[in-house]
Amino acid sequence: MNAESHDVNPLHGWKQRFTPVPLSIPHTRRAADAALRAWGLDRSAAGLVLLVVSELATNAVRHGRVPGRYFEVRIAYDAEKMVGVEVSDPREGHPALADPTPDDESGRGLAIVDALAEAWGVRERIVGKTVWARIRL
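Following the working numbering, the numbering of the sequence shown begins with 957 at its first residue and continues without gaps.
This is the structure:
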């Protein structure tokens, strides 16, 4: 994890709130994909960003859920082909890279984000946190 945020100066931006239930994850991917495609990203670039969106949104649903509260996904894309992904949820605490065994069925999400992103980290909010990632295409 990188401690400092590398903000994106966006040409394009998108954000949406979602209910923190497992069925929201495919909806999150579809909505984010529509935005990325509208910005002209090809299937390969969009797929890379969507994998990060999916992993961070899944973490928000599994670990950041607070009854009656939403999680929010924000994506920004700039002229230098940097994409910023931010997922905010109302639960406090910092996620950490796990060390799953080969038999574990979960625990690899942040490792995937760490492998794909140029930088990622966590920012505290008044309520909850934002997990962010910066992806260079």
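Think of the CB as a built atom: it goes at the ideal place given N, C-alpha and C, for glycine as much as any other residue.
7 Å Cβ cutoff met for Tyr1033 and Val1041: Contact flag unset, no.
Beta strand (DSSP E) segment containing His968, residue limits: Counting along the chain, the unbroken beta strand (DSSP E) around His968 starts and ends at 968-974.
Straight-line gap, Gly1077 to Ile1068 (C-alpha atoms, nearest Å): So the two alpha carbons sit approximately 13 Å from each other.
Check whether Thr984 and Ala1013 have beta carbons under 7 Å apart: Contact annotation: Thr984 and Ala1013 have beta-carbon atoms nearer than 7 Å.
Three-state secondary structure (DSSP) of Val1087: In the three-state reduction of the DSSP assignment, Val1087 falls in the strand class.
DSSP-derived helix/strand/coil call for Gly1077: Strand at Gly1077.
Length-filtered (3 minimum) beta strand (DSSP E) runs lying within the region 1034-1078: If we require 3 residues or more, the beta strand (DSSP E) runs fully inside the region 1034-1078 come out as 1038-1045.
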